[in-house]
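Trainee: Questions regarding the structure given below will be posed in turn.
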Amino acid sequence: MSVQTVESIEGFRKVLDEERRAGRTVGLVPTMGFLHDGHASLMRRAAAECDVVAATIFVNPLQFAVSEDLSSYPRDLAADQRLAEAAGVTWLFAPPVEEMYPGDVHTTVTVAGESEGLEGEIRPTHFAGVATVVAKLCNIAGPCRAYFGEKDWQQLQVVRRMVADLSMPVEVVGCPIVREPDGLALSSRNAYLSAAERRAATVLHRALRAGADAADPVEAMRRVVAAEPLAELDYAEMRDGRLLVAARLGTTRLLDNLAWEGPSDNHKALEG
1 MSVQTVESIE
11 GFRKVLDEER
21 RAGRTVGLVP
31 TMGFLHDGHA
41 SLMRRAAAEC
51 DVVAATIFVN
61 PLQFAVSEDL
71 SSYPRDLAAD
81 QRLAEAAGVT
91 WLFAPPVEEM
101 YPGDVHTTVT
111 VAGESEGLEG
121 EIRPTHFAGV
131 ATVVAKLCNI
141 AGPCRAYFGE
151 KDWQQLQVVR
161 RMVADLSMPV
171 EVVGCPIVRE
181 PDGLALSSRN
191 AYLSAAERRA
201 ATVLHRALRA
211 GADAADPVEA
221 MRRVVAAEPL
231 AELDYAEMRD
241 GRLLVAARLG
251 TTRLLDNLAW
261 EGPSDNHKAL
271 EG
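Per full-length UniProt numbering, the very first residue in the sequence shown carries number 1; after that it's consecutive.
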């Protein structure tokens with residue numbers, strides 16, 4: 001079945017209600033579009049676990065600060081439709097801004113704790129925008145499993161907490177990061193990188209790998225990023241057993257993360 005694109009809230013809600021009435025389970029994949037294989041991996045996972053896959057494409061203005069790249073954020077709906085269809089999506093919700101926000105927004109969702117520090121410190125309004133739009137999308141979609149990538153690790157924690165605290169009929173599923181062969185995490189913003197910046201962008205993954213095998217992971221990550229002239233570190237931290245790093249390469253800001261299990265036995269032997 002070819003992917004079918006819906007632009008209205010009422011239309012999207014109606015088709016998913018009909019799918020559930022027919023006894024089919026729904027997998028929801030919220031995105032901002034300009035899809036890549038990382039998004040496709042979420043869609044394929046949803047297709048493997050659910051009867052119907054519904055993806056959303058919406059560049060959400062609430063999660064962009066005035067100084068950020070809302071107007072220049074990459075968009076290509078025709079390419080997105082092709083990728084979504086190939087990945088098993090049945091319904092694609094691609095509303096205009098005025099459909100999602102027909103007037104001034106007086107109500108936003110704030111998730112304390114999980115949204116603090118890291119991205120929340122650098123982008124103070126970002127997670128309220130994310131939580132608000134995800135709450136709207138979950139409310140529109142109805143009972144479902146919602147799939148999010150682990151690349152935006154802090155965002156995933158924010159969404160999990162919001163869904164739990166607000167008793168939403170949604171199961172949040174975190175999916176592994178998809179990487180290029182050289183380790184760079186797939187991101188729509190990679191399209192902004194110059195050739196030199198693209199080569200330098202592997203520093204994030206290299207920093208994480210160094211941190212994963214170090215007795216002092218934070219210092220190891222900072223040292224690796226500092227050695228790359230084109231990278232400007234925003235943070236390198238560890239939280240809840242996760243190594244997290246964010247850096248700017250020119251005008252492009254990238255982030256990445258990796259589970260930390262402590263330094264390897266070989267490293268421990270050398271330290272000892």
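All residues carry an ideal CB built from backbone N, CA and C; glycine is no exception.
Treat the numbers as computed from the prediction; the structure is a model and nothing was measured.
Could you pull out every residue in the same chain whose Cβ sits closer than 8 Å to the Cβ of Leu-193, ignoring the five residues on either side in sequence?
Mentor: Ala-201, Leu-249, Gly-250 and Thr-252
Trainee: Can you list, in chain order, the residues of its chain with a C-beta nearer than 6 Å to that of Asp-51? Leave out the 5 residues immediately preceding and following it.
Mentor: Arg-24 and Thr-25
Trainee: Tell me the rounded alpha-carbon separation between Val-59 and Ala-210.
Mentor: 34 Å
Trainee: Is the Cβ-Cβ distance between Thr-132 and Leu-70 less than 7 Å?
Mentor: No, these two residues do not count as a Cβ contact at 7 Å.
Trainee: Roughly how many whole angstroms lie between the Cα atoms of Pro-124 and Val-97?
Mentor: 22 Å
Trainee: Going straight from the alpha carbon of Ile-9 to that of Ile-140, what length do you get?
Mentor: For Ile-9 and Ile-140, the distance between alpha carbons rounds to 7 Å.
Trainee: For a quick check, are the C-beta atoms of Glu-180 and Leu-230 less than 7 Å apart?
Mentor: Using a Cβ distance threshold of 7 Å, Glu-180 and Leu-230 do not count as a contacting pair.
Trainee: Where does Glu-7 land, buried or exposed, given buried means 16+ other C-beta within 10 angstroms?
Mentor: exposed
Trainee: Buried or exposed: Thr-31, going by 16 or more other Cβ atoms within 10 Å of its Cβ?
Mentor: buried
Trainee: Would Val-99 pass as a contact of Gln-154 if the rule is Cβ separation under 7 Å?
Mentor: Here residue 99 turns out to be Glu, not Val, going by the sequence shown. The answer is no: Cβ separation not under 7 Å.
Trainee: Could you tell me if Val-66 is buried or exposed, where buried requires 16 or more neighbouring beta carbons within 10 angstroms of its beta carbon?
Mentor: exposed
Trainee: Does DSSP put Val-158 in a helix, in a strand, or in coil?
Mentor: DSSP places Val-158 in helix when its eight states are reduced to three.
Trainee: Just how far apart, CA to CA, sit Cys-138 and Leu-166?
Mentor: 11 Å
Trainee: I'd like the ranges of any alpha helix (DSSP H) spanning at least 4 consecutive residues and lying wholly in the stretch 106-190.
Mentor: List check, alpha helix (DSSP H) in window: 119-122, 126-141 and 153-165.
Trainee: Rounded to the nearest angstrom, how far is the Cβ of Gly-174 from that of Leu-156, given a contact under 8 Å?
Mentor: 5 Å
Trainee: For a test of the three-state rule: what should DSSP assign to Met-221, helix, strand or coil?
Mentor: Under the three-state reduction of DSSP output, Met-221 falls in the helix class.
Trainee: The alpha helix (DSSP H) with Glu-228 in it runs from where to where?
Mentor: Per DSSP, Glu-228 lies in no alpha helix (DSSP H) and is assigned neither H nor E.
Trainee: What number of angstroms, rounded off, separates the C-alpha of Ala-247 from the C-alpha of Ala-22?
Mentor: Here the C-alpha atom of Ala-247 lies approximately 47 Å from the C-alpha atom of Ala-22.
Trainee: Compute the distance between the beta-carbons of Ala-84 and Ala-55, then report whether it is under 7 Å.
Mentor: Judged by beta-carbon spacing, Ala-55 lies within the 7 Å limit of Ala-84, meaning their Cβ atoms are closer than that value.
Trainee: Determine whether the beta carbon atoms of Ala-212 and Leu-244 lie at a separation below 7 Å.
Mentor: no
Trainee: Decide if Gly-103 is buried, meaning its Cβ has at least 16 other Cβ atoms within 10 Å, or exposed.
Mentor: Around the beta-carbon of Gly-103, fewer than 16 other beta-carbon atoms lie within 10 Å, marking it exposed.
Trainee: Can you tell which of Glu-150, Ala-94 and Ala-47 has its C-alpha closest to the C-alpha of Gly-11?
Mentor: Ala-94
Trainee: Using a Cβ-Cβ cut-off of 8 Å (strictly less than) and excluding sequence neighbours within five positions of Val-159, which residues of its own chain qualify?
Mentor: Val-130, Ala-131, Val-134, Ala-146, Phe-148 and Val-172
Trainee: Tell me whether Arg-242 sits in a helix, a strand or coil according to DSSP, three-state version.
Mentor: strand
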